[in-house]
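The next block holds one structure in the form of structure tokens; read it before the comments.
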Amino acid sequence: MKKLQRLVLRNLSISGEIPDYIGEMEMLMNLDLSFNNLSGEIPSNFEGLKRISYLYLTNNFLSGTIPIWILRSTENLDVSYNNFSGPSSLTSCQQANVNLVASYSPMYSDSIAPCFKRNLPCAGTAKNYELFINCGGGSITVGNQEFEGDTSQQGPSTYSESGKWAYSSTGDFIGNTNVKYIVGNTSVLNIPNPELYMTARLNPLSLKYYGLCLQRGNYTVKLHFAEIMFTDDQRYSSLGKRVFDVSIQGEKVLRDFNIAEEANGAGREIIKTFSTIVDGSTLEISFQWTGKGTNAIPDIGVYGPLISAISVTPNFKPDRGEAKLSVGAILGIVAACLVAVGLLLTCLFIFLRKREPEDSELRSIKLQAGYFSLKQIKAATNYFDPANKIGEGGFGPVYKGVLPDGSAIAVKQLSSKSKQGNREFVTEIGMISALQHPNLVKLFGFCIEENQLLLIYEYMENNSLALALFGPERSRLNLDWETRCKICLGIARGLAYLHEESRLKIVHRDIKATNVLLDKDLNAKISDFGLARLSEEENTHISTRIAGTIGYMAPEYAMRGYLTDKADVYSFGVVTLEIVSGKSNTSFRPREDFVYLLDWAYVLQEQGSIIELVDERLGKNYSDKEAMQMLNLALACTNPSPSLRPTMSSVVSMLEGQTPMQIPSVKPAHAEGEKLRFKAFENLYNDGAAQSTSTNGPWMGSSGSGGNSKERDYAMS
1 MKKLQRLVLR NLSISGEIPD YIGEMEMLMN LDLSFNNLSG EIPSNFEGLK
51 RISYLYLTNN FLSGTIPIWI LRSTENLDVS YNNFSGPSSL TSCQQANVNL
101 VASYSPMYSD SIAPCFKRNL PCAGTAKNYE LFINCGGGSI TVGNQEFEGD
151 TSQQGPSTYS ESGKWAYSST GDFIGNTNVK YIVGNTSVLN IPNPELYMTA
201 RLNPLSLKYY GLCLQRGNYT VKLHFAEIMF TDDQRYSSLG KRVFDVSIQG
251 EKVLRDFNIA EEANGAGREI IKTFSTIVDG STLEISFQWT GKGTNAIPDI
301 GVYGPLISAI SVTPNFKPDR GEAKLSVGAI LGIVAACLVA VGLLLTCLFI
351 FLRKREPEDS ELRSIKLQAG YFSLKQIKAA TNYFDPANKI GEGGFGPVYK
401 GVLPDGSAIA VKQLSSKSKQ GNREFVTEIG MISALQHPNL VKLFGFCIEE
451 NQLLLIYEYM ENNSLALALF GPERSRLNLD WETRCKICLG IARGLAYLHE
501 ESRLKIVHRD IKATNVLLDK DLNAKISDFG LARLSEEENT HISTRIAGTI
551 GYMAPEYAMR GYLTDKADVY SFGVVTLEIV SGKSNTSFRP REDFVYLLDW
601 AYVLQEQGSI IELVDERLGK NYSDKEAMQM LNLALACTNP SPSLRPTMSS
651 VVSMLEGQTP MQIPSVKPAH AEGEKLRFKA FENLYNDGAA QSTSTNGPWM
701 GSSGSGGNSK ERDYAMS
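Everything in the sequence shown is counted per UniProt numbering, starting at 1 for the first residue and increasing by one.
Shown next as structure tokens:
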């Protein structure tokens, strides 16, 4: 096919690497391999494609760096939604047709290109509290609200003139570079407020609107849609079908959304209303095409997300900056605060001076969480009444308490005599106080008084995932398939936040079912950060102190001390296997020659019967397809090679259905070496050479693992 000029293999679930022979098609001008499962790097001989002007590789699993020659020579390039680490170099921010947005997600937590990072999130005081955008149109007034104009004809990222919002756009319309990103209505609209729907912003792949410098609080978001490009008559333009997804603050709120179907016809308005929370200062509204619907009917370049207007209003009383304090009042408040801070520091200094010399590690830390007195904790737990004891962790008991305002808390009591306990205590305060995420357990505060080291957490009504899955019969929960999928997604979101989104990039090191807690609504929250480590990408990751739990530690870390965030990905894969099967990785042994659950899963995968692992308690109340996807994802995450494991952001995308589920590229054999490794750890533990360093969650069963006696915490210095 040396003379082939256009090759389109889109949305066909093609896997494996891109074959080198495509690089030999010297006449190739248009290559589209988007929405597949391709992996590996871009072939080096693609540099010989001198005529190539359109290259679409979006929504795959490609990795490595983007060759700089592609950026310089390819007129239209889309490599978004892959696992690229970035281009080998970038010399200009003016490459409007190079869509790298999602490719930068491991490098930029806000998932937008570096040229768009200038003022996001808010660089100053959060002063905005409402937002009205006429997408694709000029400024108009509807009722008593003025909708700002959004008239840029360009696709790339742009800030509004008011500075209240911005949008980030990626993608080019397949086969048509003349399509504008703004479309107008050509017929009469018999709907209320038709001026909002005379224009709309169109996008071929991914469009994100950002509300900037918003005050914290709960907001109502209204998305205004009308299908103004297709028709309801017998013309050719009635054959189009527009399908896309919508997310707000990273949460999918509309899946496979079809404007015309929802509005019962073209040219009719449909308003979708949602409630969301702005915890930082930025609101993100994302529209994404996932390869569904039509893209050449009725005309090339009319597919993809279409949005007519956006309105965001507060559900709280905003600070309008109207009330101003006098200079005297401000000085008085400042003076009072300084006195209060001085008293607090004096109290802390006195408490810390009373402790023994070996507690200097505690005195030197910057305590960032709230402080509780021992008197408060004793009152809340009824003087540590045994009746209030709800678990036993690796460094002491855990008690349920009730504060005077009725709030339930969990109090983890650590030993004050253990140097190792001090280190765990310091680490846990430092890590959790700097992290805020719905899928991470919340630390309320701490107490250092007399001989007590206490951590105070939010109380989790449904204890640990281990207890719910394979604890004593009276403690197990009847988790249906949907709930198990929700728990997996919650764990994945929490880890993605730790690895890629938080200010501190953190490797947890001890992800296991006992360290996943369930609230009253069975939402998963990751706990126990006593073993967590900061991820320092410029270092070698070689750790002289290996810590974790046998059966959950990644092989490269357990054997060679090589620590990266892929160690957590491995542990997540093991926990996912446990969630689907309802069996503990370290206690389930179908036969004597199998060491652990993962070992048995590899064998069943090779036999083509891995579906047998699904928990029998589910009966037939689950989807075979979804179960196979979850099991394949678990095995992909536990790949022996860390470079072949997906990132946690990719896992979240797969679980949310944004990208196809990744099939393991390597099927590890039932290897004797793997069995010997775990048996060696068990022998080391039994010989007394191992020393527990893993703290269990603050409200777990007495065994620390839901009745699992074989699970071992391990440390080696």
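Note that CB positions come from ideal geometry on N, CA and C, so glycine has one too.
Asked, Found
"Could you pull the DSSP bridge partners for Lys400 from this structure?", "Ala410"
"Grouping DSSP H, G and I as helix and E and B as strand, with all else coil, what is Cys135?", "strand"
"Provide the residue(s) that pair with Glu449 in DSSP beta bridges, ordered along the chain.", "Gln452"
"Just how far apart, CA to CA, sit Gly396 and Arg617?", "34 angstroms"
"So, are the CB atoms of Leu239 and Ala309 less than 8 angstroms apart?", "no"
"Could you tell me which residues DSSP puts in a beta bridge with Asp32?", "Val8 and Tyr56"
"Report buried or exposed for Pro204, applying the criterion of at least 16 other Cβ atoms within 10 angstroms of its Cβ.", "buried"
"Applying the 10 Å Cβ sphere with the 16-neighbour rule, what's the burial state of Ile68?", "exposed"
"May I ask which residues mark the beginning and end of the alpha helix (DSSP H) holding Ile491?", "Trp481 to Ala496"
"For Phe316, count neighbouring Cβ atoms within 10 angstroms of its own Cβ and tell me buried if that reaches 16, exposed if not.", "exposed"
"Tell me which residues share the same chain as Lys292 and place their Cβ nearer than 7 angstroms to its Cβ, disregarding the 5 neighbours each side in the sequence.", "Val243 and Asp256"
"Beta-carbon separation of Tyr54 and Ser34 under 8 angstroms?", "no"
"Give the DSSP-derived three-state secondary structure of Thr65 in the structure shown.", "strand"
"Given Ala166, which residues of its chain have a CB within under 6 angstroms of its CB, disregarding the five upstream and five downstream residues?", "Tyr159 and Tyr210"
"Would you check if the stretch 605–620 and the stretch 581–588 touch, i.e. whether three or more CB-CB distances between them fall below 8 angstroms?", "yes"
"Please report the distance separating the alpha-carbon of residue 718 from that of Met648.", "Here the chain covers residues 1 to 717 and nothing more, so residue 718 does not appear."
"Tell me whether Gly48 is buried or exposed, calling it buried when 16 or more other Cβ atoms sit within 10 Å of its Cβ.", "exposed"
"Nearest to Gln477 by alpha carbon, out of Asp405, Leu465, Thr549 and Cys485?", "First, the residue type needs correcting, since residue 477 is Leu and not Gln in the sequence shown. The candidate whose alpha carbon is nearest that of Leu477 is Leu465."
"Shortest alpha-carbon distance to Ile70 belongs to which of Leu644, Phe46 and Ser63?", "Phe46"
"Please identify the residue among Ser643, Leu635 and Val8 whose C-alpha is closest to the C-alpha of Asn295.", "Val8"
"Does the distance from the CB of Gly304 to the CB of Leu223 come in under 8 angstroms?", "no"
"With H, G and I counted as helix, E and B as strand and the rest as coil, what does DSSP make of Leu239?", "helix"
"Taking C-alpha atoms, which residue in Lys180, Lys127 and Gln249 lies nearest to residue 722?", "For the chain, the structure presents residues 1 to 717; residue 722 sits outside this window and is missing."
"Out of Thr199, Ser643, Gly657 and Ser650, which has the shortest C-alpha to C-alpha gap to Gly64?", "Ser643"
"Pull up the CB-CB distance for Val569 and Pro660, whole angstroms please, since I reckon it's below 8 angstroms.", "At roughly 18 angstroms, the Cβ-Cβ gap does not stay under 8 angstroms, so Val569 and Pro660 are not in contact."
"Keeping to the same chain, check which residues put their C-beta closer than 6 angstroms to that of Glu227; ignore five residues upstream and five downstream.", "Ile259, Ala260 and Ala266"
"Quick check on Asp279: does DSSP put it in helix, strand or coil?", "coil"
"Relative to the alpha-carbon of Gln153, which residue among Ser169, Ile277, Gly16 and Lys164 has its alpha-carbon at the smallest distance?", "Ser169"
"Restricting to Cα atoms, I'd like to know which of Arg268, Asp385, Asn264 and Lys620 is closest to Pro192.", "Arg268"
"Does Gly619 pass the burial test, meaning 16 or more other C-beta atoms within 10 Å, or should it be called exposed?", "exposed"
"Shortest alpha-carbon distance to Ser527 belongs to which of Ile610, Ile429, Tyr596 and Asn36?", "Ile429"
"Tell me the rounded alpha-carbon separation between Met107 and Phe84.", "Bear in mind that a pLDDT of 28 at Met107, under 50, signals an unreliable position, so the model cannot answer this."
"Which residue marks the beginning of the beta strand (DSSP E) containing Pro314, and which one marks its end?", "Ala309 to Pro314"
"Look up Ala96 in the DSSP assignment and say whether it is helix, strand or coil.", "With a pLDDT of only 31 at Ala96, under the threshold of 50, the placement of this residue in the model should not be trusted, and no figure is reported."
"Taking DSSP's pairing of strands, which residues face Leu440 in a bridge?", "Ile526"
"What does the Cβ neighbour count give for Asn439, buried or exposed, with the cut at 16 atoms within 10 Å?", "buried"
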